[in-house]
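If you use the UniProt record's numbering, the sequence shown closes out at 438, no skipped numbers anywhere. Where a beta carbon is used, it is the ideal one built from N, C-alpha and C, also for glycine. Step one of this worksheet: look at the structure below.
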Amino acid sequence: MFTWFTSLDRTERKTLYACFGGWAVDALDTQLYSFLIPTLIAVWGMTNAEAGFLGTSALISSAIGGWAAGILSDRIGRVRVMKLAILWFSFFTVLSGFCNSFEQLLAARILSGIGFGGEWAAGSVLMGEIIRSEYRGKAVGTVQSAYAIGYAIAAILSSILFATLPDTQAWRWMFWLGAAPAILVLLALRGVPEPAVFLAAREKRVKAGEAPVSPLMIFHRRYLRTTSLTSLLAFGVQAGGFSMVIWLPTFLKTVREISTVGVGYHMFVLTVGSFVGYIVAAYLCDAIGRRRNFLLFALLNWIFIPAFLYLPGGGAVMFALDFVLGFAALGIYSALGPYFTELFPNAIRGNGQGFAYNFGRAAGAFFPTVIGLMTAGGHLPLRDAMAVTAVSAYFFVLLAIALLPETRGRELSEEAEKDNAGQGAALRLAQPVPGNGS
1 MFTWFTSLDR TERKTLYACF GGWAVDALDT QLYSFLIPTL IAVWGMTNAE AGFLGTSALI
61 SSAIGGWAAG ILSDRIGRVR VMKLAILWFS FFTVLSGFCN SFEQLLAARI LSGIGFGGEW
121 AAGSVLMGEI IRSEYRGKAV GTVQSAYAIG YAIAAILSSI LFATLPDTQA WRWMFWLGAA
181 PAILVLLALR GVPEPAVFLA AREKRVKAGE APVSPLMIFH RRYLRTTSLT SLLAFGVQAG
241 GFSMVIWLPT FLKTVREIST VGVGYHMFVL TVGSFVGYIV AAYLCDAIGR RRNFLLFALL
301 NWIFIPAFLY LPGGGAVMFA LDFVLGFAAL GIYSALGPYF TELFPNAIRG NGQGFAYNFG
361 RAAGAFFPTV IGLMTAGGHL PLRDAMAVTA VSAYFFVLLA IALLPETRGR ELSEEAEKDN
421 AGQGAALRLA QPVPGNGS
């Protein structure tokens with residue numbers, strides 16, 4: 001099953017290891033907050049709407065950071081931007097543990113979100129450009145499975161800290177310990193080079209005396225369709241995921257009446273399911289294509305999400321539902337990285353990929369707030385609000401893949417040469433002409 005891994009060269013493996021660690025730390029620091037929602041509501045007296053807004057605000061700021069990081073990675077390099085992003089969100093994650101009010105935590109989460117978005121934007125392009133085409137789906141999908149590792153660590157950390165410390169102290173230690181693994185990732189990135197396709201394109205541009213491509217080039221008529229549809233796809237995938245994952249610990253505790261420690265166990269099983277989902281989707285991505293993979297997982301979510309929310313039962317039944325929900329709702333993410341890398345040309349790959357993924361993250365981030373508003377004052381039960389938002393999200397996935405092309409097996413080096421030769425005129429439209437004073 002993993003024979004492809006032995007075929008990777010040294011650079012490809014080092015990149016895979018470093019990005020795997022980066023994804024895990026990103027997931028750990030992102031997921032920490034969802035475990036803390038019930039505690040912060042109790043300790044600070046926050047409303048559901050305020051709790052939802054805290055989660056949404058970090059996701060919105062991550063969209064801004066992701067797009068900015070994508071643009072910057074097209075100029076100064078994928079590896080350099082990934083390092084900066086990890087340092088940034090680790091610092092503000094630690095700072096979150098020192099907050100003493102809703103307003104302070106809101107500011108810290110907004111700032112940390114900038115780094116969350118930047119790490120994915122730079123890292124996904126780095127992986128897509130270094131890993132060869134026949135293994136790209138498997139490799140990027142395998143790295144995506146690191147999110148499950150990060151979620152699992154967050155679940156274990158939550159169970160241990162809340163079982164051994166008072167709630168008023170446990171939530172602070174969650175933030176402080178959550179940033180520690182970032183040190184190992186930064187050390188791993190020291191041996192990862194910039195992708196050859198990026199360096200070649202930059203060298204060619206410098207020799208030709210061309211200015212960097214405008215950040216707005218992704219909205220040029222030649223690329224607007226791709227930018228719009230990839231953004232719609234990212235929105236559907238992430239809106240569905242956020243609707244379930246952000247509110248899941250609260251659902252388990254308040255609707256299923258599971259203890260705080262028990263919630264950690266259920267979230268651990270969900271992350272095991274998501275790990276399997278990421279790996280299966282990674283293989284299917286190369287086996288049946290990017291579009292069919294999205295179709296299959298969207299249909300699975302329409303089955304498993306209502307089953308998770310409404311089927312009665314506890315014990316083994318609930319743990320089984322945890323597994324299949326994680327498999328479908330999070331496994332669908334695996335194909336986003338390789339698909340977006342193949343859809344955008346080299347000169348705007350970081351920019352386009354960063355914008356599309358993080359626009360989807362920002363727009364999808366409103367869904368947790370919508371759930372909070374729908375449940376405020378008892379207007380709608382939490383499980384109904386989660387069902388409406390999550391199930392509706394996957395209609396956007398189907399619409400996007402119906403209009404996007406299949407890209408399985410696309411060679412980035414060939415595509416980059418075509419971009420420089422056949423699309424260069426379009427790219428130069430947004431560049432200042434040397435000597436004209438612009």
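| Asked | Found |
| --- | --- |
| Alpha-carbon to alpha-carbon, I86 and F116 | 8 Å |
| Whether A170 touches L157 by CB criterion (7 Å) | no |
| CA-to-CA distance, N346 to Y339, given in whole angstroms | 14 Å |
| Proximity of A282 and K138 at Cβ, strictly below 7 Å | yes |
| Cβ-based burial, A307 [other Cβ within 10 Å; buried from 16] | exposed |
| DSSP three-state assignment for P345, whether helix, strand or coil | coil |
| Classification of I401 by the beta-carbon crowding that lies within 10 angstroms, buried from 16 upward | buried |
| Alpha-carbon spacing of W4 relative to W88, whole angstroms | 34 Å |
| Cβ-Cβ separation, R172 to G97 (assumed contact under 8 Å), whole Å | 4 Å |
| Neighbour-count burial assignment, V317, 16 or more Cβ in a 10 Å radius | exposed |
| Selection from G55, G22 and R383 that minimises the alpha carbon distance to V140 | G22 |
| Buried/exposed call for V261, threshold 16 Cβ in 10 Å | exposed |
| Spatial distance of E415 from T341 (CA atoms) | Reliability fails at E415, whose pLDDT of 47 lies under 50, so the model's placement of it is uncertain and the value that follows must be treated cautiously. So the two alpha carbons sit approximately 11 Å from each other. |
| Pick from G150, F395 and A188 that is closest to F35, judged by C-alpha positions | G150 |
| For F175 and E257, the rounded distance between their alpha carbons | 25 Å |
| Within 7 Å, strictly: CB atoms of A146 and G264 | no |
| Nearest candidate by alpha-carbon position, reference L40, set L111, T250, S243 and L296 | T250 |
| Inter-residue Cα distance where the pair is G52 and T6 | 44 Å |
| Per-residue burial, G178 [other beta carbons within 10 Å of its own, 16 or more giving buried] | buried |
| C-alpha gap between S274 and A211, whole angstroms | 43 Å |
| Where residue 452 falls: helix, strand or coil (DSSP) | The question about residue 452 has no answer, for the chain in this structure spans 1 to 438. |
| Three-state class that DSSP yields for I226 in the structure shown | Sequence check: residue 226 is Thr here, not Ile. T226: helix per DSSP, three-state reduction. |
| Whole runs of the alpha helix (DSSP H) within the segment 276-325, excluding any shorter than 4 residues | 290-310 |
| Continuous alpha helix (DSSP H) stretch holding V81: start and end | R78 to S96 |
| For Q104, the nearest candidate out of L54, M217, L165 and A42 (CA to CA) | L54 |
| Start-to-end residues for the alpha helix (DSSP H) that takes in P368 | F366 to T375 |
| Through-space distance from S73 to E417, alpha-carbon basis | Residue placement at E417 is poorly supported in this model, since its pLDDT is 45, which falls under 50; the coordinates still yield a value, given next. Rounded to the nearest angstrom, the two C-alpha atoms are 20 Å apart. |
| Where V206 falls, given that 16 or more other Cβ within 10 Å makes a residue buried | exposed |
| G178 (DSSP reduced to helix, strand or coil) | helix |
| Touching by the beta-carbon criterion (3+ pairs, under 8 Å), the segment 25-35 and the segment 324-338 | no |
| Option nearest L126 by Cα separation, candidates V197, S61, L95 and A68 | V197 |
| Buried versus exposed call for Y278 [16 or more other C-beta atoms within 10 Å across all chains shown] | buried |
| Option nearest G357 by Cα separation, candidates L233, L321 and G191 | Reading off the sequence shown, one finds Tyr at residue 357, where the question assumed Gly. Here the closest residue by C-alpha is L233. |
| Sequence-distant residues of its chain with Cβ nearer than 6 Å to G422 (five each side left out) | Residue placement at G422 cannot be trusted, given a pLDDT of 46 that sits under 50; the coordinates are not used to answer. |
| C-beta atoms of S231 and E411 nearer than 7 Å | no |
| P381 classed as buried or exposed, judged by whether at least 16 other C-beta atoms fall within 10 angstroms | exposed |
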